Amino acid sequence: MIKKFDKKDEESGSGSNPFQHLEKSAVLQEARIFNETPINPRRCLHILTKIIYLLNQGEHFGTTEATEAFFAMTRLFQSNDQTLRRMCYLTIKEMANISEDVIIVTSSLTKDMTGKEDIYRGPAIRALCRITDTTMLQAIERYMKQAIVDKVPSVSSSALVSSLHMVKMSYDVVKRWVNEAQEAASSDNIMVQYHALGLLYHLRKNDRLAVTKMLNTFTKSGLKSPFAYCMLIRIASRLLEETDGGHDSPLFDFIEGCLRNKHEMVVYEAASAIVHLPNCRARELAPAVSVLQLFCSSPKAALRYAAVRTLNKVAMKHPSAVTACNLDLENLITDSNRSIATLAITTLLKTGSESSVDRLMKQISSFVSEISDEFKVVVVQAISALCQKYPRKHSVMMNFLSNMLRDDGGFEYKRAIVDCIIGFIEENPESKETGLAHLCEFIEDCEHTVLATRILHLLGKEGPRTPTPSKYIRFIFNRVILESEAVRAAAVSALAKFGAQNDDLLPSVLVLLQRCMMDSDDEVRDRATFYMNVLQQKQKALNAAYIFNGLTVSVPGLEKSLHQYTLEPSEKPFDMKSVPLATTPINELKTELTPIVTTKLPEKVAPSRQDIYQEQLSAIPEFKGLGPLFKSSDPVQLTEAETEYVVRCIKHTFTNHIVFQFDCTNTLNDQLLQKVIVQMEPSEAYEVVHYVPAANLPYNQPSSCYTLVRLPDEDPTAVSCTFSCTMKYLVRDCDPNTGEPDEDGYDDEYLLEDLEVTVADHIQKVLKPNFGAAWEEVGDDFEKEETFALASVKTLEEAINNIISFLGMQPCERTDKVPENKNSHVLLLAGVFRGGHDILVRSRLALADGVTMQVTVRSKDEIPVDVILASVG
Amino acid sequence: MLFYLQCHLKSHNGNTKTVLKKKKVTTISLYLEPSLYTVKAVLILDNDGERLYAKYYDDTYPTVKEQKAFEKNIFNKTHRTDSEIALLDGLTVVYKSNIDLYFYVIGSSHENELMLMSVLNCLFDSLSQMLRKNVEKRALLENMEGLFLAVDEIVDGGVILESDAQQVVHRVALRVGYLGRKRIKLVLRIIRLTCNLL
């Protein structure tokens with residue numbers, strides 16, 4: 001009844017919010033009464049509240065007005081009204097960054113922090129530390145030390161927490177308070193204990209031994225505070241992680257012991273710590289999982305949420321460990337907190353059997369619209385994992401996904417769905433048509449340019465190869481009419497791909513492209529005109545080169561070459577082959593499905609590794625005339641990891657030369673190496689042309705020396721060679737402490753491991769999105785075929801992996817994945833041979849007793865073909 | 001040939017632009033660095049989602065504009081449901097509503113949810129005691145200084161300073177004088193109410 005009354009009252013009096021229409025200038029005007037004597041605490045308090053309220057609302061205060069108000073406020077220290085004084089502290093803290101000369105209140109605050117009124121002391125310390133800098137901190141150091149060990153908990157806590165804030169700024173000063181903090185850690189007050197532990201860890205965290213010691217003391221003595229226990233568990237689990245401590249370590253025992261603590265907070269922290277430990281086995285997980293299971297039926301939503309979220313994480317790595325909780329999780333499906341329900345279902349999807357999938361999907365679709373985007377992404381990820389596990393269920397899930405696609409949602413969410421569907425289409429050929437149909441429907445009403453262009457690209461790639469390509473044309477052309485420039489341009493490219501691959505569609509595509517040539521955007525017009533002209537030639541080779549398989553050069557490299565070309569104009573036309581190739585991105589390792597937290601590195605178009613090398617090498621005068629860098633290999637270690645000198649080599653291939661870059665590190669602190677070279681003795685007709693020494697190699701500072709080798713002209717097929725390497729240098733002993741070297745040195749040498757150059761070093765990976773077209777384009781002028789038997793290989797996967805790593809070529813059209821239960825497979829590989837000739841390999845593999853392989857190689861030049869066949873043989 | 005290259009360069013540039021436009025998402029290390037910095041923000045909104053109180057302890061949302069957008073988002077996602085925990089923008093949000101007030105405590109998604117919960121409970125209980133169980137917008141606005149001081153005692157720069165409501169109320173030590181006005185009104189109201197009933 002009272003409540004009801006209240007409400008009425010409130011409605012009648014519209015000015016119920018006294019802060020509603022506050023004007024900053026009016027409030028600052030009012031602040032003048034701070035200067036009146038005697039001070040009226042009540043009114044002043046009200047004005048301070050208004051100022052803080054305004055600051056809190058995000059109102060901007062200029063430096064002058066803030067300083068003025070601040071100085072007026074300092075007068076209020078004359079009043080002894082408790083609340084007023086406390087509000088002054090708050091104002092100081094709020095204004096510390098906006099007002100000037102805030103240090104003026106230092107003495108007043110110091111007085112309060114050492115005064116008799118306990119109620120002032122804590123807040124005064126916190127306000128003081130907020131306005132203090134390193135030099136001033138030393139002046140109040142004595143008081144801070146006293147405050148840390150003060151017997152009043154609020155004072156001690158305030159001092160400890162303020163010290164923690166100060167560590168960032170003045171580590172060296174705060175470091176001296178370690179003994180006081182240690183004393184505070186044995187306080188009876190739970191918060192003081194927690195704060196002291198936090199500060200101690202922060203001061204010692206770089207000293208592993210000290211942390212270990214601290215852990216030992218506290219785990220033995222036991223703590224009162226649940227917060228401190230949580231902190232201790234975190235420190236222990238971090239230490240375990242860093243030291244790779246086994247599960248028999250006393251630290252692990254401590255964490256496990258915390259599972260029996262009487263505070264739920266501590267129990268959960270311990271369980272969560274165990275779950276997150278790397279390489280945790282089922283046996284260690286079991287106790288943690290069982291306490292989480294108990295939490296699942298807690299009346300507190302936060303606890304249920306915490307438990308099921310952690311179980312969800314366990315299920316990613318150890319689904320079997322969670323199966324015991326399936327029953328409890330089932331109960332949570334209908335939880336009123338949708339976050340909990342979603343997590344329960346996605347966990348069940350991971351642990352459950354194929355038969356329960358339908359039921360769970362139905363359940364989740366009933367409330368999917370109510371949950372936040374983050375959880376929708378979790379659901380999508382669970383589904384995508386499920387598809388890989390049970391490919392037979394793809395129709396159910398495809399339906400579900402397409403329904404989700406129609407719902408409202410942010411970019412991340414839609415992108416997750418689109419990714420998932422695209423993944424489907426690539427994994428299951430039979431779901432391709434339904435998937436494409438759903439995506440077509442999606443782009444009809446898609447506000448995200450990135451997704452629309454991506455789908456159009458996919459349609460261009462996959463659409464022409466479906467039984468009825470014509471039905472996609474409508475969807476694509478609709479985009480040309482309705483969308484923004486970027487999407488229109490993508491749509492034009494997609495259209496061209498249909499025209500290039502389907503002869504019966506070509507006339508209609510040409511008509512459509514004709515219309516696109518009237519577009520208002522130049523990019524769209526350019527593309528339409530270009531494709532139009534290419535298509536009208538009706539030549540397979542042209543189509544392949546300019547429509548299906550785009551440029552393979554690195555864009556920064558191209559930019560540089562073109563710039564170079566315009567600087568030195570010559571009669572010759574610009575040669576595309578002189579441009580360094582784009583290094584195909586290594587297939588991203590499937591990132592572990594970490595739902596919820598969308599961790600992303602800032603994306604930027606960084607120059608590739610190869611572009612960086614190109615830059616470095618071109619800075620060395622000896623390598624000026626070598627032409628563009630063709631390929632840089634991954635580093636090869638030429639020494640053991642723990643030796644005196646550590647040397648690794650990177651092979652840089654040029655058109656007719658190879659540059660070996662030796663990155664050397666000297667691990668001896670009493671030696672300075674000078675004039676370091678790596679002498680190389682080739683086994684074949686390779687010729688060492690030049691050595692570029694590293695002038696100085698001091699202790700622990702890596703430096704590089706280079707060796708230039710010319711490839712043999714007479715026998716171009718001699719692509720592989722072994723070099724024996726010796727590092728030669730001048731040693732000067734030096735004082736390990738000062739690094740001062742002796743006057744004299746002596747020559748010495750160090751034997752390195754042999755270095756091999758293989759066929760893969762001469763070939764750069766290149767992805768041909770449409771291999772068939774590329775195959776036709778190259779033509780069969782230099783086609784050669786041979787059959788080999790790989791006796792030692794037992795499976796097709798193994799054979800494929802061997803071939804790819806041996807030849808160093810890019811597998812195309814996902815032929816590096818063998819469908820299950822197949823006895824034969826065709827592997828398609830593409831690359832560019834040193835000198836710029838495309839090289840394509842089609843290898844038919846048959847599994848019988850061992851693997852038989854028929855290799856067909858095509859190129860526009862004879863040498864690469866011979867090289868490949870010679871090296872495989 | 002050159003013309004074709006131009007096309008390609010353009011499409012490449014187009015891509016980078018869209019990439020840059022994407023919203024910045026802070027990276028969070030998978031394992032928690034042991035630290036006392038637990039709370040990222042404390043918010044109190046009214047039943048229209050307007051900010052009554054907001055304190056952000058780190059720069060997850062550096063500008064007022066971003067903060068308000070986050071608050072709007074948080075309010076839309078939570079004001080209709082009665083559950084006490086949610087995940088938004090990769091942050092764990094624990095919340096509680098009472099009559100026309102919405103209380104939120106926000107922490108990293110790796111944070112111990114129960115710790116955040118203890119902060120929320122402490123805040124709510126302290127206010128409840130200070131406002132004589134009358135936790136609603138008007139009473140709160142009449143005692144804003146009490147709220148400011150209470151939050152200052154509960155969280156300091158993101159570190160949990162105190163989790164016991166009794167202690168907080170004791171330390172805030174608002175003298176009865178400031179609440180007296182309120183109390184007299186309440187008594188008057190009760191008298192009026194009883195009169196009505198009679």
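For the protein sequence lines, the chains are A and B, in the order given. Following full-length UniProt numbering, the numbering of the first sequence begins with 1 at its first residue and continues without gaps. Following full-length UniProt numbering, the numbering of the second sequence begins with 1 at its first residue and continues without gaps. Ideal Cβ positions, reconstructed from N, Cα and C, are used throughout, including at glycine. On a predicted model such as this, the values are computed, not experimentally measured, just so you know.
Note to self: Looking only at its chain, what residues have a beta carbon closer than 7 Å to the beta carbon of I333(A), apart from the 5 residues adjacent to it on each side?
What the structure shows: Within its own chain, the residues whose Cβ lies closer than 7 Å to the Cβ of I333(A), once the five positions on either side in sequence are excluded, are A341, A344, I345, Q363, listed in chain order.
Next item on the list: Could you spell out the range, first to last residue, of the alpha helix (DSSP H) harbouring A159(A)?
Entry: In the DSSP annotation of this structure, the continuous segment of the alpha helix (DSSP H) that includes A159(A) starts and ends at 153-167.
Margin query: Once the 5 residues before and after K860(A) are set aside, which same chain residues still bring their CB inside 8 Å of it?
Written below: The residues are V778, G779, D781, F782, H837, D838.
Margin query: Check whether chain A comes within 8 Å of E71(B), counting only Cβ atoms and requiring the distance to be less than that.
Written below: Under the Cβ criterion of 8 Å, E71(B) is not counted among the residues facing chain A.
Check: Among D248(A), N216(A), K224(A), S221(A), which has the Cα closest to the Cα of I235(A)?
Finding: The residue among D248(A), N216(A), K224(A), S221(A) with its C-alpha nearest the C-alpha of I235(A) is N216(A).
Next item on the list: Taking G107(B) as the query, report the chain A residues whose CB atoms sit under 9 Å from its CB, ordered along the chain.
Entry: Under the 9 Å cutoff, chain A gives no residues; its nearest Cβ is about 11 Å from G107(B).
Margin query: Please classify T63(B) as buried or exposed, where buried requires at least 16 other C-beta atoms within 10 Å of its C-beta.
Written below: Exposed, by the Cβ-count rule.
Margin query: Can you find the residues in the same chain that come closer than 7 Å, C-beta to C-beta, to K313(A), ignoring five residues on each side of it along the sequence?
Written below: V275, listed in sequence order.
Margin query: For M727(A) and Q614(A), I'd like the C-alpha separation in whole angstroms.
Written below: Answer to the nearest angstrom: the Cα atoms are 24 Å apart.
Note to self: So the candidates are V731(A), S632(A), A619(A); which of them puts its Cα closest to the Cα of L668(A)?
What the structure shows: Measuring C-alpha to C-alpha distances from L668(A) to each of V731(A), S632(A), A619(A) identifies V731(A) as the nearest.
Note to self: According to DSSP, simplified to helix, strand and coil, what is E170(B)?
What the structure shows: For the sequence presented, residue 170(B) should be read as His rather than Glu. In the structure shown, H170(B) sits in a helix (DSSP, three-state: H, G or I).
Next item on the list: Taking all protein chains shown into account, decide if E374(A) is buried (16 or more other Cβ within 10 angstroms of its Cβ) or exposed.
Entry: Under this definition E374(A) is a buried residue.
Item checked: Strand pairing of M680(A), partner residues [DSSP] -> M680(A) is bridged to C725(A).
Margin query: Less than 6 Å between C-beta atoms, sequence neighbours within five positions excluded: which residues of the same chain meet that for R130(A)?
Written below: Closer than 6 Å at Cβ, skipping near neighbours: K93, A96.
Check: Which of helix, strand or coil does DSSP assign to K820(A)?
Finding: Here residue 820(A) is Glu; the residue named in the question, Lys, does not match the sequence. Per DSSP, reduced to three states, the secondary structure at E820(A) is coil, with no helix or strand assignment.
Check: Where in the region 657-712 of chain A do unbroken runs of the beta strand (DSSP E), each at least 3 residues long, occur, reported from the N-terminal end onward?
Finding: You should have 657-666, 671-682, 687-692, 694-697, 703-710.
Next item on the list: Verify the CB distance criterion: does L90(A) have a CB-CB separation below 8 Å to chain B?
Entry: So yes, L90(A) belongs to the interface.
Notebook entry, point to check: M144(B): buried (16+ other C-beta within 10 angstroms of its C-beta) or exposed?
Noted result: Buried: at least 16 other Cβ atoms inside 10 Å.
Item checked: Environment of R858(A) [buried if 16+ CB atoms lie within 10 Å] -> Buried, by the Cβ-count rule.
Note to self: Any C-beta of chain B within less than 9 Å: which residues of the UniProt domain "Coatomer subunit gamma C-terminal" (760-872) of chain A qualify?
What the structure shows: Residues: none.
Checklist line | Local conformation of Q764(A) per DSSP, three classes | finding: Note: Q764(A) maps to strand in three-state DSSP.
Check: Can you list the residues of chain B that T37(A) reaches, using a CB-CB cut of under 8 Å?
Finding: The premise fails here: T37(A) is roughly 22 Å from chain B at the closest Cβ pair, so nothing lies under 8 Å.
Next item on the list: With L506(A) as the anchor, note down where its alpha helix (DSSP H) starts and where it stops.
Entry: Residue range 506-516 is occupied by the alpha helix (DSSP H) that includes L506(A).
Next item on the list: State the Cα-Cα distance for the pair F662(A) and T219(A), rounded to the nearest angstrom.
Entry: Between F662(A) and T219(A), the C-alpha separation is close to 50 Å.
Margin query: Against chain A, does F103(B) count as a neighbour if the rule is that its beta carbon must be under 8 Å from one of theirs?
Written below: No - not a single Cβ of chain A is within 8 Å of the one on F103(B).
Margin query: Alpha carbons only, please: which of T37(A), L54(A), P38(A) is nearest the one belonging to L28(A)?
Written below: With distances taken between Cα atoms, L28(A) lies closest to L54(A).
Next item on the list: Please report the Cβ distance between V480(A) and A491(A), rounded to the nearest whole angstrom; I am assuming they are in contact, meaning their Cβ atoms lie under 8 Å.
Entry: Rounded, the Cβ-Cβ distance is 5 Å, consistent with contact.
Check: Which residue from Y645(A), I140(A), E242(A) puts its Cα closest to that of L697(A)?
Finding: Taking only the C-alpha atoms, the option nearest L697(A) is Y645(A).
Notebook entry, point to check: Where V174(A) and V94(B) are concerned, what is the direct C-alpha to C-alpha distance, given to the nearest angstrom?
Noted result: Rounded to the nearest angstrom, the two C-alpha atoms are 34 Å apart.
Notebook entry, point to check: Counting pairs of beta carbons, one from the region 142-158 of chain B and one from the region 44-62 of chain B, are three or more of them closer than 8 Å?
Noted result: Touching, yes.
Check: With a Cβ-Cβ cutoff of 8 Å, do E426(A) and R814(A) count as a contact?
Finding: Cβ atoms of E426(A) and R814(A): closer than 8 Å.
Checklist line | chain A within 8 Å of I44(B), Cβ atoms only | finding: I44(B) does not count as touching chain A.
Note to self: Quick test of your reading: V678(A) and C705(A), contact by CB under 8 Å. State the CB separation rounded to the nearest angstrom.
What the structure shows: Rounded, the Cβ-Cβ distance is 6 Å, consistent with contact.
Next item on the list: Measuring only between beta-carbons, confirm whether H195(A) sits less than 8 Å from chain D.
Entry: This model lacks chain D altogether, as its protein chains are A and B.
Check: Using the C-alpha atoms, what's the distance from I44(B) back to M191(A)?
Finding: Answer to the nearest angstrom: the Cα atoms are 25 Å apart.
Item checked: Run of the alpha helix (DSSP H) containing T135(A), from where it starts to where it stops -> Segment 134-139, the alpha helix (DSSP H) holding T135(A).
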